[in-house]
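Note sheet for the following structure.
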Amino acid sequence: MFNVEKKNITLGFMPLTDSAPVIIAHEMGMFKKWGLNVSLNKQNSWATLRDKLHLGVIDAAQMLAPMPIASQLGLYGQKSQVITPIILSRNGNGITLSTKLYKKILTQQNTTKIDMPFSANILLNEIEKRKKEGNKLTFAVVFPYSCHYYQLIEWLNRSNIALSDINLLIVPPSDMMPSMQSGDLDGFCVGGPWNAKAVREGVGITGVTSSDLYQNSPEKVLGLMSNWQQQHPQTTLALVSALYEACQWLENIPNRFEAARLLSRSCYLDTNIDVIAPSLLGSCLTFNNTTPRKIPTYNQFSTLGDAEFNNPGQYSGENIANLMKESGHISSQQRAELNIAAIFRKDIYERAINSPKCN
Amino acid sequence: MLLYISVYVGIYFNVNELKKSTLSLTKHDHILHNTVKLKILLAENNHAKAKALISILTNTEYDIHHIAHSGVPLLKDVEQLNPDIIIIDIESPDRDMLENLNKISQFAPKPIIVFSEQQHPNPTINQLVKSGVSAYVVGEVSQQRVKSVVEVAIARFGVFQGLKQELADTKQKLSSQKNIDKAKRWLMETKQLSEVDAYNFIRKIAMDNSQKMDDVAKNILSVASIF
Numbered sequence: 277m278f279n280v281e282k283k284n285i286t287l288g289f290m291p292l293t294d295s296a297p298v299i300i301a302h303e304m305g306m307f308k309k310w311g312l313n314v315s316l317n318k319q320n321s322w323a324t325l326r327d328k329l330h331l332g333v334i335d336a337a338q339m340l341a342p343m344p345i346a347s348q349l350g351l352y353g354q355k356s357q358v359i360t361p362i363i364l365s366r367n368g369n370g371i372t373l374s375t376k377l378y379k380k381i382l383t384q385q386n387t388t389k390i391d392m393p394f395s396a397n398i399l400l401n402e403i404e405k406r407k408k409e410g411n412k413l414t415f416a417v418v419f420p421y422s423c424h425y426y427q428l429i430e431w432l433n434r435s436n437i438a439l440s441d442i443n444l445l446i447v448p449p450s451d452m453m454p455s456m457q458s459g460d461l462d463g464f465c466v467g468g469p470w471n472a473k474a475v476r477e478g479v480g481i482t483g484v485t486s487s488d489l490y491q492n493s494p495e496k497v498l499g500l501m502s503n504w505q506q507q508h509p510q511t512t513l514a515l516v517s518a519l520y521e522a523c524q525w526l527e528n529i530p531n532r533f534e535a536a537r538l539l540s541r542s543c544y545l546d547t548n549i550d551v552i553a554p555s556l557l558g559s560c561l562t563f564n565n566t567t568p569r570k571i572p573t574y575n576q577f578s579t580l581g582d583a584e585f586n587n588p589g590q591y592s593g594e595n596i597a598n599l600m601k602e603s604g605h606i607s608s609q610q611r612a613e614l615n616i617a618a619i620f621r622k623d624i625y626e627r628a629i630n631s632p633k634c635n
Numbered sequence: 025m026l027l028y029i030s031v032y033v034g035i036y037f038n039v040n041e042l043k044k045s046t047l048s049l050t051k052h053d054h055i056l057h058n059t060v061k062l063k064i065l066l067a068e069n070n071h072a073k074a075k076a077l078i079s080i081l082t083n084t085e086y087d088i089h090h091i092a093h094s095g096v097p098l099l100k101d102v103e104q105l106n107p108d109i110i111i112i113d114i115e116s117p118d119r120d121m122l123e124n125l126n127k128i129s130q131f132a133p134k135p136i137i138v139f140s141e142q143q144h145p146n147p148t149i150n151q152l153v154k155s156g157v158s159a160y161v162v163g164e165v166s167q168q169r170v171k172s173v174v175e176v177a178i179a180r181f182g183v184f185q186g187l188k189q190e191l192a193d194t195k196q197k198l199s200s201q202k203n204i205d206k207a208k209r210w211l212m213e214t215k216q217l218s219e220v221d222a223y224n225f226i227r228k229i230a231m232d233n234s235q236k237m238d239d240v241a242k243n244i245l246s247v248a249s250i251f
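So the sequences go chain by chain: A and B.
The opening residue of the first sequence carries number 277 in this note's numbering; numbering runs sequentially from there.
The opening residue of the second sequence carries number 25 in this note's numbering; numbering runs sequentially from there.
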């Protein structure tokens, strides 16, 4: 046990399928077990979650993996020392095309089915056609400093499609599906439950998951202000220990369904279990009334018996920084000056994991 | 538990309008003396909240448009109306969309003002205000407060843009100095000119053709690259 400096903690999260670790730690008593009384604070936008963390309105936050680096570099304007002591999830995203666009592509290719995962090559005809007409396909992601953004770019780049060949918008997750339905969006890269939701509604077809692009890319992390961690070292260790246990708990498939039930509650995702459960059970819904794809790593929170999975190590941090550089979010100089070890705090994680366990 | 009820408001500006506006600001007094009314788009789904803000900002130097859309339809409104300022509740999911307009498209950079109804004693608030991108106001949202925050934000944004411009200018100057030096060296080596003569040679061509020395240097270097 840790001698926590602060028992009452507020933790901000965005209502997404991969917020499971913080919700499970709360619901299944891991926080309590480590001497913490955590209140979960549901947020509507990443910018507001970030500001509340910077301002100390919340003590901790579940963040997109690139956000601590963006804060440290001051990409939002003001430099803020945000650190992460644990990776909460890897993978979890998917690229969905509108049913309308998909049907058009099928006609163009004179086929009834395209093998998955899709390559962005299937877009080339349409992009070329629109270029002549003076318009572009429109895609969306939820935040610029996000793995969704880098994964969409990666998918397009592998087919030699530049970002300038499409329109890219930042759209709130809850508006993705309606915007696709109204014809404003041709595709998006988001996390759960939004891909499954578009499929269930018959609006979209999910043809690629982040697991198809690269395995085990860090997705969500716990974010803390560096000075908060210095003032609350024991509390930090307790938080990391509780969240690590929640991630381990989520490795068990029968537990995943229970997690889906909890997540669907109105205080969390406030949405139907039939769009939350599939990805948690390793199933990628592709198209309405079609057999789902089996993607065991669709949502990954840990690997049983291997503490490395959640370790915010140098390699994970360097990878994200490289993606940020390749996408033009940071310059070569910023990349070179970046001290990853000061942001991705492997030292804190390992101290927590190697401490005696409480029962 | 700290209950964080807030009327945070993000404000975004059109740069050209802003340049006009900031010109009339004095150092000691961040008050706008602009005859052109700034166009404000208020994106707020909650009609009661919208009404309160409209009543604060009407009859001022702002021309206010209320829009209750969200998501992509709101984006279309922004494009169509081309407002100088957008006001949005910070608890709105649309904040990410509007705040990042300039990162992903050709939209102008935009500052943000954030209001909170709650007192929140944290020095970071002041730091954020100073950053020029965000301004946080705590306490009651009174008419004076909203107005003064809009003014401070405009002023800050002007300073922030000024600094950014200065940095861009300095970078430009450094790179043109580099071009001129390179061109000079090439002339010295190939035409056996002294450094002063090489410099005067570039300057004369620039003056004769009403060109910048940097552009002349670039031309010389592109000729040099053929050899």
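Here a beta-carbon is modelled for each residue, glycine too, at the ideal position from N, C-alpha and C.
Within the segment 451 to 482 of chain A, ASP451, PRO454, SER455, SER458, ASP460, LEU461 place their CB atoms closer than 8 Å to a CB of chain B, listed in sequence order. By DSSP's assignment, VAL298 of chain A forms no beta bridge with any residue. Scanning its chain for C-beta atoms nearer than 7 Å, with the 5 sequence neighbours on each side dropped, one finds around TYR378 of chain A the residues ILE481, in chain order. Contact of GLU68 of chain B with chain A is not assigned, every C-beta pair being separated by 8 Å or more. Per the C-alpha coordinates, the member of B:LYS236, B:ALA241, B:ASP108, B:SER249 positioned closest to ASP205 of chain B is B:ALA241.
No Cβ-Cβ contact shorter than 8 Å links LEU413 of chain A with ALA337 of chain A. By the rule that beta-carbons nearer than 8 Å mark a contact, LEU99 of chain B touches chain A.
At a Cβ-Cβ threshold of 8 Å, ILE300 of chain A and ASN586 of chain A do not count as neighbours. Segment contact: the segment 346 to 359 of chain A against the segment 394 to 407 of chain A, fewer than three CB-CB distances shorter than 8 Å; contact not assigned. Among the residues facing chain A, GLU103 of chain B is not included, as its CB has no counterpart in that chain under 8 Å away.
Across the segment 314 to 328 of chain A, CB contacts with chain B closer than 9 Å involve SER315, ASN317, GLN319, ASN320, SER321, TRP322, ALA323, THR324, ASP327, LYS328, in sequence order along the chain. Only exposed fits ILE250 of chain B, as fewer than 16 other CB atoms lie within 10 angstroms of its CB.
A distance below 8 Å separates the beta carbons of PRO107 of chain B and HIS89 of chain B.
Under the Cβ criterion of 8 Å, VAL240 of chain B is not counted among the residues facing chain A.
Secondary structure note for MET453 of chain A: its alpha helix (DSSP H) is the uninterrupted segment 449 to 457. Judged by pairs of C-beta atoms under 8 Å, the segment 480 to 498 of chain A touches the segment 423 to 431 of chain A, as three or more such pairs exist. Around the beta-carbon of THR375 of chain A, 16 or more other beta-carbon atoms lie within 10 Å, marking it buried. For ILE629 of chain A, the enclosing alpha helix (DSSP H) begins and ends at 622 to 629. At least one CB of chain A lies nearer than 8 Å to the CB of GLU123 of chain B.
Note on geometry: alpha-carbon atoms of GLN576 of chain A and THR194 of chain B lie some 48 Å from one another. The straight-line gap separating the alpha-carbon atoms of VAL516 of chain A and TYR421 of chain A is approximately 24 Å.
One alpha carbon belongs to PRO97 of chain B, the other to ALA341 of chain A, and they sit about 29 Å apart.
Around LYS283 of chain A, the same chain offers GLY311, LEU312, ASN313 as residues with beta carbons nearer than 7 Å, after the five sequence neighbours per side are excluded. Under a criterion of Cβ atoms nearer than 9 Å, the residues of chain B adjacent to PHE419 of chain A are, in order, ASP120, ASN124. Contact annotation for SER199 of chain B against chain A: no contact, minimum CB-CB distance about 15 Å [criterion: below 8 Å].
DSSP places VAL497 of chain A in the strand class (E or B) of the three-state scheme. In this structure, MET343 of chain A sits away from GLY593 of chain A, with a CB-CB distance that is not shorter than 8 Å. Contact note: GLU115 of chain B reaches chain A through GLN319, ASN320, SER321, THR324, using a C-beta cutoff of 9 Å and chain order. A direct Cα-to-Cα measurement between LYS202 of chain B and ARG209 of chain B gives close to 11 Å. Annotation: LEU331 of chain A to MET212 of chain B spans about 58 Å, alpha carbon to alpha carbon.
ARG119 of chain B sits close to SER321 of chain A, with the two beta carbons spaced by under 8 Å. For VAL475 of chain A, the secondary structure class from DSSP, reduced to helix, strand or coil, is helix.
Taking the CA atoms as reference points, SER608 of chain A sits about 21 Å from LYS197 of chain B. Residue pairing by DSSP places GLN576 of chain A opposite A:ARG366 in a beta bridge.
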